[in-house]
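Below: the structure, in structure tokens.
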Amino acid sequence: MSIQIEHISKQYGSFTALADVSLTIGGGELVALLGPSGSGKTTLLRIIAGLESPDEGSILLHGEESTRHSASRRGIGFVFQHYALFRHMTIFENVAFGLSVQSRLLRPSRLNIRERVRELLHLVQLDSFAEMYPEQLSGGQRQRVALARALAVKPKVLLLDEPFSALDAKVRKELRDWLRRIHDDLHVTTVLVTHDQEEALEVADRVAILNLGKLEQTGTPESIYNNPASPFVYNFLGNVNLFHGRLLAELSFEERAGSTERLIDSAIGFVRPHELELSRNLPADRRAVVASVIRVHAAGPQIRLELSIAGSGRSVAAEMGRKQFEQLALVPGDNVFVWPQYIHLFDDDRAMSLLLDQGAGI
Amino acid sequence: MSSHHPVSSSSLLHPSRAQQVGRVTLILIALLFLFGFLILPVAVVFTEALSQGWKMYRDSICQADVLSALRLTGLVAGIAVPLNLVFGLVASWAITRFEFHGKSLLITLIDIPLSVSPVVAGMMYVEVFGLHGWLGPWLSEHNLHVIFAVPGIVLATVFVTFPFVARELIPFMQAQGSDEEVAAVVLGASGWNVFWRVTLPNIKWALLYGTILAASRSIGEFGAVSVVSGHIRGKTTTLPLQVEMLYNEYNFTAAFAAASLLTLAAVVTLGIKKGLEMTTGIRRGNEEEEVDS
Chain A
0 MSIQIEHISK QYGSFTALAD VSLTIGGGEL VALLGPSGSG KTTLLRIIAG
50 LESPDEGSIL LHGEESTRHS ASRRGIGFVF QHYALFRHMT IFENVAFGLS
100 VQSRLLRPSR LNIRERVREL LHLVQLDSFA EMYPEQLSGG QRQRVALARA
150 LAVKPKVLLL DEPFSALDAK VRKELRDWLR RIHDDLHVTT VLVTHDQEEA
200 LEVADRVAIL NLGKLEQTGT PESIYNNPAS PFVYNFLGNV NLFHGRLLAE
250 LSFEERAGST ERLIDSAIGF VRPHELELSR NLPADRRAVV ASVIRVHAAG
300 PQIRLELSIA GSGRSVAAEM GRKQFEQLAL VPGDNVFVWP QYIHLFDDDR
350 AMSLLLDQGA GI
Chain B
0 MSSHHPVSSS SLLHPSRAQQ VGRVTLILIA LLFLFGFLIL PVAVVFTEAL
50 SQGWKMYRDS ICQADVLSAL RLTGLVAGIA VPLNLVFGLV ASWAITRFEF
100 HGKSLLITLI DIPLSVSPVV AGMMYVEVFG LHGWLGPWLS EHNLHVIFAV
150 PGIVLATVFV TFPFVARELI PFMQAQGSDE EVAAVVLGAS GWNVFWRVTL
200 PNIKWALLYG TILAASRSIG EFGAVSVVSG HIRGKTTTLP LQVEMLYNEY
250 NFTAAFAAAS LLTLAAVVTL GIKKGLEMTT GIRRGNEEEE VDS
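Top to bottom, those sequences are chains A and B. At the far end of the first sequence sits residue 361, using numbering that gives the first Met the number 0, and the numbering has no gaps. At the far end of the second sequence sits residue 292, using numbering that gives the first Met the number 0, and the numbering has no gaps.
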């Protein structure tokens, strides 16, 4: 079932949660709403669910105007950040709840409910937990129960509100992969709210990035990663690197000679750590800056280096494969020549990505 | 000494001699105070009540006036407590689940009966419903009796007890949050289903706890009821009023016998309350941990 979000605005007092947001989500698609806290992503999800009503705009579910429909009528599965399991019910009763509260006419028989719950518990790999209570389960298990409970009523749309953010990193990653597999099996239209860039880029078919109540960019994870539409998106996705403990390099080139300077005045540019080239010898046809190695993080498949640019003292992060690192054999205190392969430039919201030719540099 | 408790080195657990003396002194003072001001008077109630023997005790209680006072007290509590239960639930629900203007005012208003002297509460009702009050002429035209009659006693009791349930529920429901209810709504549950299958099971112990406090107060209320009752023997005297009347008539044995019933009611209430605390941990605040590591 498709979801059409049309010109949604929402105001809380003087705070603008959402400002004219439009987005269409296709049937069977898995879309991530990604943004920092306060960006309006959860508000948008709650509006889709019918838990909040927008000040303006409308929500169409499968082409049908649903803005005024109550949450209980929308045929939606909702998964909460803190699980929201019914604490006084067993896992079985939790999963069966949505079926057992249906009106007498629609309600499946006791036997059918039992069968359906058993199926779902099998799907979330918690077959033997039916008689336990939520407090006896770990966080990851509870969230799987919550998902089973949401799926029990065969929702046409599945909405997940930061479902994995209360879990530790390892479980989070497992559940993320598992959610993707379940989605591939069931093909239910899914909207996932998250502030975790890696999660969004890894799981979703499409990512919608929100900032300050506005939609910044929508696209496939690949296109968003490769062509960030704004400095905000670049910075925000840069946190993917930060998440791995890496710093995004931001280099200014106003004061440097080079072909880029004549194109754009006072632009800012971004270079991802792995897009920096390092060499002990300056290639004859390159412009490069000299930097000294401050620190080397050599644990893991990628080697991360903290550099300090000579003169300005600006701190820059670089990243390279193990093989290249072994060739360079850098240790703290060494001086290297540094230049970028790519620069992503932003100038008054214009974005361009430059593959630097020979002769260009920073 | 520390060799027996190698793990702990806290001075609270291993007090010096001076600290130990101080500790014992404090405990003794507390115990003496408790004994002198609580246990001794309660014991006196029972010894006085039984001073003329069991037969006299039984006869004192089985007087028609005392029995009627007992019935009236039961009736009043039987009306006031359910009313407060419903009011407390509604108020707590509104306060913890909705945002509205005047919410903080409502929370303050709920506390008024706890801060106003019960005598003042009684006088307010006399002023409104009494013969010379605002509604007095209209009521007497229609031959309705509120003041110096049972309805007045019920009203006064409802007033003094109405914070108890709400004050128990509000912090409890605030701590629990509304996630489970929202989850139930999204799963298609009706308001009725949400209340009976999700909300009520979650708050039942806190609700019972508040109800017990309200019941205990409505049985024991004296001041407010005294003003509106008119002390008509066998008709508008509740048990606390009956105790006072017997006492003023120098009928000490009967007064203490009736008082012993009130004391017993209090002891039973305390017992249930303690039992609830132990089984559910309401007072210890061990809210089920929702956020996982």
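From the three backbone atoms N, C-alpha and C, an ideal C-beta is built for every residue, glycine too.
{"Asked": "Buried versus exposed call for residue 267 of chain B [16 or more other C-beta atoms within 10 Å across all chains shown]", "Found": "exposed"}
{"Asked": "Simplified DSSP assignment, three categories, for residue 201 of chain A", "Found": "helix"}
{"Asked": "Other residues of its chain near residue 42 of chain A: CB distance less than 7 Å, five sequence neighbours each side excluded", "Found": "9, 16, 17 and 51"}
{"Asked": "Of the listed residues A/28, A/13 and A/12, nearest to residue 187 of chain A (C-alpha basis)", "Found": "A/28"}
{"Asked": "Proximal chain B residues relative to residue 164 of chain A, where beta-carbon distance stays under 9 Å", "Found": "Near residue 164 of chain A there are no residues of chain B at all, since even the closest Cβ is about 10 Å away, more than 9 Å."}
{"Asked": "Endpoints, beta strand (DSSP E) assigned at residue 160 of chain A", "Found": "156 to 160"}
{"Asked": "Chain B contact for residue 218 of chain A (CB, 9 Å cutoff)", "Found": "no"}
{"Asked": "Member of B/84, B/62 and B/162 whose CA lies at the smallest distance from the CA of residue 111 of chain B", "Found": "B/162"}
{"Asked": "is_contact[residue 153 of chain B, chain A] using C-beta, thresh 9 Å", "Found": "no"}
{"Asked": "Backbone CA spacing between residue 197 of chain A and residue 274 of chain A [nearest angstrom]", "Found": "19 Å"}
{"Asked": "Short CB-CB distance (under 9 Å) between residue 75 of chain A and chain B", "Found": "yes"}
{"Asked": "Residue environment, residue 250 of chain A, which counts as buried when at least 16 other CB atoms sit within 10 Å", "Found": "Confidence is the limiting factor: at residue 250 of chain A the pLDDT is only 40, short of 50, which leaves the residue's position unreliable, though a coordinate-based value still follows. With 16 or more other Cβ atoms within 10 Å, it is buried."}
{"Asked": "Residue of A/147, A/87 and A/201 minimising C-alpha distance to residue 172 of chain A", "Found": "A/201"}
{"Asked": "9 Å Cβ cutoff met for residue 227 of chain B and residue 121 of chain B", "Found": "yes"}
{"Asked": "Own chain partners of residue 274 of chain B with C-beta closer than 8 Å, once the 5 adjacent residues on each side are dropped", "Found": "none"}
{"Asked": "is_contact[residue 2 of chain A, chain B] using C-beta, thresh 9 Å", "Found": "no"}
{"Asked": "Local conformation of residue 215 of chain B per DSSP, three classes", "Found": "helix"}
{"Asked": "Enclosing beta strand (DSSP E) for residue 32 of chain A [first to last residue]", "Found": "29 to 33"}
{"Asked": "Counted within 10 angstroms of its Cβ, other Cβ atoms place residue 40 of chain B as buried (16 or more) or exposed", "Found": "exposed"}
{"Asked": "Contacting positions in the region 182 to 206 of chain B - beta carbon closer than 8 Å to chain A", "Found": "182, 183, 184, 185, 186, 187, 188, 189, 192, 196, 197, 200 and 201"}
{"Asked": "Residue 231 of chain B beta carbon less than 9 Å from that of residue 147 of chain B", "Found": "yes"}
{"Asked": "Terminal residues of the alpha helix (DSSP H) in which residue 211 of chain A lies", "Found": "Segment: none, residue 211 of chain A is in no alpha helix (DSSP H) and carries neither H nor E."}
{"Asked": "Test: residue 64 of chain B CB closer than 9 Å to a CB of chain A", "Found": "no"}
{"Asked": "Residues near residue 3 of chain A in its chain [Cβ-Cβ closer than 6 Å; skip 5 each side]", "Found": "23 and 59"}
{"Asked": "Candidates A/175, A/64 and A/319, of which the one nearest residue 296 of chain A by Cα", "Found": "A/319"}
{"Asked": "Proximity test, Cβ basis, 9 Å: residue 326 of chain A and chain B", "Found": "no"}
{"Asked": "Simplified DSSP state of residue 22 of chain A, which is helix, strand or coil", "Found": "strand"}
{"Asked": "Simplified DSSP assignment, three categories, for residue 231 of chain B", "Found": "coil"}
{"Asked": "As assigned by DSSP and simplified to three states, the class of residue 272 of chain A", "Found": "helix"}
{"Asked": "Beta-carbon contacts of residue 291 of chain A that lie in its chain and below 6 Å, excluding the five residues immediately before and after", "Found": "307 and 334"}
{"Asked": "Residue 44 of chain B and residue 221 of chain B closer than 9 Å at C-beta", "Found": "no"}
{"Asked": "Three-way DSSP call (helix, strand, coil) for residue 115 of chain B in this model", "Found": "coil"}
{"Asked": "Whole beta strand (DSSP E) elements within the region 57 to 128 of chain A, 3-residue minimum", "Found": "75 to 78"}
{"Asked": "Own chain residues within Cβ distance below 7 Å of residue 233 of chain B, not counting five before or after", "Found": "63, 64 and 67"}
{"Asked": "Cβ-Cβ distance between residue 218 of chain A and residue 39 of chain A below 9 Å", "Found": "no"}
{"Asked": "Cβ pair count under 8 Å reaching 3, the region 100 to 109 of chain B against the region 171 to 184 of chain B", "Found": "no"}
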